[in-house]
Amino acid sequence: MNVLIVGAASSLGQPITRRLADAGHRVLATSRQGTKRPENGATWADLDLTDPTSIRNFTESTAVEFAPLGTLVILAGVLPGRSLVDYEDAEIEQVMTVNFTGPTRLVRDALPLLDQKAHVILMSSVSGQRGSFDPIYAASKAALIGLTKSLATWLAPDVRVNALAPSLIEGSKMFVDMAPEVRSRHVARSATGKLRSLEEVAEAIHRMTGPEWADRTGEVIGVGDETI
181 MNVLIVGAAS SLGQPITRRL ADAGHRVLAT SRQGTKRPEN GATWADLDLT
231 DPTSIRNFTE STAVEFAPLG TLVILAGVLP GRSLVDYEDA EIEQVMTVNF
281 TGPTRLVRDA LPLLDQKAHV ILMSSVSGQR GSFDPIYAAS KAALIGLTKS
331 LATWLAPDVR VNALAPSLIE GSKMFVDMAP EVRSRHVARS ATGKLRSLEE
381 VAEAIHRMTG PEWADRTGEV IGVGDETI
């Protein structure tokens, strides 16, 4: 299967890219120009979700060579971790562009490249369901959930669209950058007293590329067991 992974150089993107490449998929992985890219069996390409021209050029050139796409995974995201009063206007626009507007443009422009039975997987967050200290981040992830459900209806019965809504992932950049006391609060909200790992999320996405997901669309899948 031809798979496109957007945001593949991130702490979350790397194990997902490696897992899908190891499974035998032909993987096209993207990141912004200048990003350090690991050797993981994927073909790498430049893509900047904040730039509509970059998205258009990518979907009209590089991505065409990998068409038809069986799976499109969009992982790109940014979390400033600020309260509403600490946001400048430009920062609000940046978060919404990276987390929502950019992915929306990419899905739109990539539609002609999708296989008839393709699967689009968007990375939302539990914050998009329950809210967050950072309301702009939460709003952007909630918007992805609305996009997921709307596209699932519009593109049915052929193309499937689903979202993952993980809680804090152990080992992710968000986890590493987080103050210990904040991490502890996330663990305390977990029914099992632990967080999910990067590898567990990668395995979840790998399963979503399998036949058991052939008839599932419009779903928001929690990864982790923090209470909402």
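Take the position in the sequence shown, starting the count at 1, then add 180; the result is the number in this note's numbering.
C-beta atoms are modelled at their ideal positions from N, C-alpha and C, and glycine is treated no differently.
{"Query": "Report buried or exposed for lysine 321, applying the criterion of at least 16 other Cβ atoms within 10 angstroms of its Cβ.", "Result": "buried"}
{"Query": "In whole angstroms, what is the alpha-carbon distance linking leucine 229 and serine 312?", "Result": "24 Å"}
{"Query": "Taking 6 Å as the limit between beta carbons, can you name the residues of its chain near arginine 206, skipping five residues before and five after?", "Result": "Asn182"}
{"Query": "Does the beta-carbon of glutamine 194 have 16 or more other beta-carbons within 10 angstroms, so that it is buried, or is it exposed?", "Result": "buried"}
{"Query": "With a threshold of 8 Å on Cβ separation, who are the neighbours of aspartate 314 within its own chain once the five nearest residues in sequence on each side are excluded?", "Result": "Leu259, Pro260, Gly261, Arg262, Ser263, Ser307"}
{"Query": "Roughly how many whole angstroms lie between the Cα atoms of aspartate 269 and glutamate 219?", "Result": "38 Å"}
{"Query": "Taking the alpha-carbon positions, what's the arginine 199 to alanine 382 distance?", "Result": "6 Å"}
{"Query": "As a quick exercise: from Gln296, Ser330, Val278, pick the residue whose alpha carbon is nearest that of alanine 318.", "Result": "Val278"}
{"Query": "What ranges does the alpha helix (DSSP H) occupy inside the segment 275-299, keeping only unbroken runs of at least 4 residues that lie completely in it?", "Result": "282-290"}
{"Query": "Confirm the yes/no value for this check: CB of serine 263, any heavy atom of the ligand NAP, distance under 7 Å.", "Result": "This structure simply doesn't include the ligand NAP, nor any ligand for that matter."}
{"Query": "Helix, strand or coil for aspartate 266? Go by DSSP, reduced to three states.", "Result": "helix"}
{"Query": "Buried or exposed for glycine 326, going by 16 or more other Cβ atoms inside 10 Å?", "Result": "exposed"}
{"Query": "Tryptophan 334: buried (16+ other C-beta within 10 angstroms of its C-beta) or exposed?", "Result": "exposed"}
{"Query": "If you count every other CB in all the chains shown that lies within 10 Å of the CB of glycine 390, and 16 or more means buried, which is it?", "Result": "exposed"}
{"Query": "What would DSSP say about proline 346, mapped onto helix, strand or coil?", "Result": "strand"}
{"Query": "How close, in whole Å, do the beta carbons of isoleucine 254 and leucine 344 come, if the pair is a contact with beta carbons under 8 Å?", "Result": "Contact flag wrong, Cβ pair sits at about 10 Å."}
{"Query": "For leucine 324, which residues from the same chain have a beta carbon less than 8 Å from its beta carbon, with the 5 sequence-adjacent residues on both sides left out?", "Result": "Asn279, Phe280, Pro283, Leu302, Met303, Ser304, Gly308, Ala343"}
{"Query": "Span of the beta strand (DSSP E) holding alanine 209?", "Result": "206-211"}
{"Query": "How about aspartate 295 and proline 248: do their beta carbons lie closer than 8 Å?", "Result": "yes"}
{"Query": "For the alpha helix (DSSP H) containing alanine 225, list its first residue and its last residue.", "Result": "Where alanine 225 is concerned, there is no enclosing alpha helix (DSSP H), although the beta strand (DSSP E) it sits in stretches over 223-226."}
{"Query": "Tell me where the alpha helix (DSSP H) around glycine 308 begins and ends.", "Result": "307-310"}
{"Query": "Mind reading off the beta-carbon distance from threonine 239 to aspartate 202? Whole number of angstroms is fine, and I expect it under 8 Å.", "Result": "About 26 Å; that fails the 8 Å criterion."}
{"Query": "In three-state DSSP terms, what is glycine 398?", "Result": "coil"}
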